[in-house]
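Okay, structure first, notes after.
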DNA sequence: ACCTGAACACCGTTCAAGT
DNA sequence: ACCTGAACACCGTTCAAGT
């Protein structure tokens, strides 16, 4: 006679994520997760291939969540400049709310990193903005510059690498403005070039 | 009667670093390190407090090495603009040569991250450059923008996050130029402001 | 069909016993 | 003074036995 299920994959992934966020990756043991969902460790293997696979599921779930979030705010914004600012702030807000998941996603091993498809979806708004700003020839490079800056800034912030004092929020806004201005400047040059080329 | 030493702390740290770079952090077990230096695992505890302490030593050693390297090339360069470019390239070259150590340093846990003192030393050249470029009021923010961009770019590159094709070297140079130009522009504005203020 | 205890291999770490 | 085997607690994982 079949026993009713005592847990579910979703519950397991949620439990793992919660433990990760509260106590760190090392604390995400199969025993700890099992205990949280009211089951013994071996039972987890009915729904999950391995601990690594479970960690990957946590990462993947979070990436999708992040993608949705960026997508939602990117969709409603006005000009590229403010849209850019908004995407950067969204990313940072997510990182502040889910620091360990964020680090798992962007600084973890190969397996926990977003797969290209999801990544492309998440970075689409950035590409759209840079395309508007600097034109399609340099849109990819520009998008990479912005993404790299945001990712690097947030990573350092989470790592507590900004030890020299100063206002960190301020430095973030400074960076956004600097990059946005720089790209706008390129954009103007480009328009000027085009005009003088007559193309 | 005292036995002659069969290994040394330096040898142990070097062995651990080598294993880390070749096979990843998970492969750095006390047994693996011990085997490499010709000793049994328990003997390591004569020279190292714990596995974590050993990993920290690997990180610290590498940070000092990196600091020396940046310091050396930063010292000989000419104008701030090229110095900036050079520091960024040094950082990237080190990351390419020591990818796992780099990630350990900049994306690892609290314990493996550079302590503030060493970090300050390594970032001094950057601060000097930004001070030249944008003035002392915004030097820290500017330095953070540059450091964040470089760190983020390299981190993404090592993570294989640049899946959309395109020339990555090109994107790196694009980023440097964009940032350097943007800071130079600020610098000009600053000079103009000062002139019009009469201060 | 799901769950469990027992078992296995492998960790990090400790310690008494060797030289 | 350094090194070692044995032992302990704790992992991830497998599997036969329960319901």
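Protein chains in written order, with my numbering: chain S, 336 to 534; chain B, 336 to 534. No residue lacks a Cβ here, since even glycine has one placed at the ideal position from N, Cα and C.
Please report the distance separating the alpha-carbon of residue i from that of residue j.
i                      : j                      : result
residue 392 of chain S : residue 464 of chain B : 43 Å
residue 355 of chain S : residue 417 of chain B : 43 Å
residue 396 of chain S : residue 507 of chain S : 27 Å
residue 360 of chain B : residue 390 of chain B : 9 Å
residue 365 of chain S : residue 381 of chain S : 12 Å
residue 581 of chain S : residue 499 of chain S : Chain S is shown only over 336 to 534; residue 581 of chain S falls outside these bounds and no answer can be derived.
residue 415 of chain S : residue 451 of chain S : 24 Å
residue 473 of chain B : residue 485 of chain S : 19 Å
residue 369 of chain S : residue 494 of chain B : 31 Å
residue 460 of chain B : residue 373 of chain S : 55 Å
residue 496 of chain S : residue 348 of chain S : 30 Å
residue 408 of chain S : residue 433 of chain B : 38 Å
residue 353 of chain S : residue 469 of chain B : 43 Å
residue 345 of chain S : residue 351 of chain S : 10 Å
residue 410 of chain S : residue 367 of chain B : 52 Å
residue 386 of chain S : residue 448 of chain S : 16 Å
residue 502 of chain S : residue 471 of chain B : 15 Å
residue 378 of chain B : residue 388 of chain S : 35 Å
residue 445 of chain B : residue 394 of chain B : 11 Å
residue 458 of chain S : residue 505 of chain B : 19 Å
residue 437 of chain B : residue 358 of chain B : 14 Å
residue 375 of chain S : residue 479 of chain S : 45 Å
residue 462 of chain S : residue 405 of chain B : 33 Å
residue 343 of chain S : residue 435 of chain S : 23 Å
residue 534 of chain B : residue 515 of chain S : Note that residue 534 of chain B has pLDDT 44, beneath the 50 cutoff, so the model's placement of it is unreliable and the number below is only indicative. When rounded, the distance between both Cα atoms is 29 Å.
residue 371 of chain S : residue 339 of chain S : 18 Å
residue 475 of chain S : residue 466 of chain B : 30 Å
residue 423 of chain B : residue 413 of chain B : 15 Å
residue 492 of chain B : residue 431 of chain B : 9 Å
residue 403 of chain S : residue 341 of chain S : 30 Å
Could you tell me whether any Cβ in chain S is nearer than 9 Å to the Cβ of residue i?
i                      : result
residue 366 of chain B : no
residue 402 of chain B : no
residue 468 of chain B : no
residue 445 of chain B : yes
residue 370 of chain B : no
residue 516 of chain B : yes
residue 381 of chain B : no
residue 499 of chain B : yes
residue 473 of chain B : yes
residue 419 of chain B : no
residue 394 of chain B : no
residue 359 of chain B : yes
residue 350 of chain B : no
residue 433 of chain B : no
residue 362 of chain B : no
residue 494 of chain B : yes
residue 506 of chain B : yes
residue 344 of chain B : no
Is the Cβ of residue i closer than 9 Å to any Cβ of chain B?
i                      : result
residue 309 of chain S : Coverage of chain S is limited to positions 336 through 534, which leaves residue 309 of chain S absent and any answer about it impossible.
residue 448 of chain S : yes
residue 451 of chain S : yes
residue 389 of chain S : no
residue 488 of chain S : yes
residue 458 of chain S : yes
residue 429 of chain S : no
residue 455 of chain S : yes
residue 426 of chain S : no
residue 355 of chain S : no
residue 397 of chain S : no
residue 376 of chain S : no
residue 442 of chain S : yes
residue 510 of chain S : yes
Rounded to whole angstroms, how far is the Cβ of residue i from the Cβ of residue j, which I believe are closer than 8 Å?
i                      : j                      : result
residue 490 of chain B : residue 510 of chain S : Not really, about 16 Å apart at Cβ, beyond 8 Å.
residue 426 of chain S : residue 481 of chain S : That belief does not hold up - the Cβ atoms of residue 426 of chain S and residue 481 of chain S are roughly 10 Å apart, past 8 Å.
residue 477 of chain S : residue 513 of chain S : That belief does not hold up - the Cβ atoms of residue 477 of chain S and residue 513 of chain S are roughly 13 Å apart, past 8 Å.
residue 429 of chain S : residue 454 of chain S : Incorrect: roughly 15 Å between the Cβ atoms, too far for contact.
residue 483 of chain S : residue 443 of chain B : Going by Cβ atoms, the distance from residue 483 of chain S to residue 443 of chain B rounds to 19 Å, so no, they are not a contact pair.
residue 362 of chain S : residue 520 of chain B : In fact, because the Cβ distance is near 48 Å, the residues do not count as touching under 8 Å.
residue 398 of chain S : residue 440 of chain S : 6 Å
Checklist entry - In chain order, which alpha helix (DSSP H) runs of at least 4 residues are fully inside the region 467-497 of chain B? => result 474-494
Checklist entry - Unbroken beta strand (DSSP E) runs of length 3 or more, entirely within the region 355-388 of chain S: which are they? => result none
Checklist entry - Using Cβ-Cβ distances below 8 Å, what residues of the region 475-486 of chain B are close to chain S? => result 475, 476, 477, 479, 480, 482, 483, 484, 485, 486
Item to check | Continuous alpha helix (DSSP H) assignments of at least 4 residues falling wholly in the region 398-442 of chain S | outcome: 415-432, 434-442
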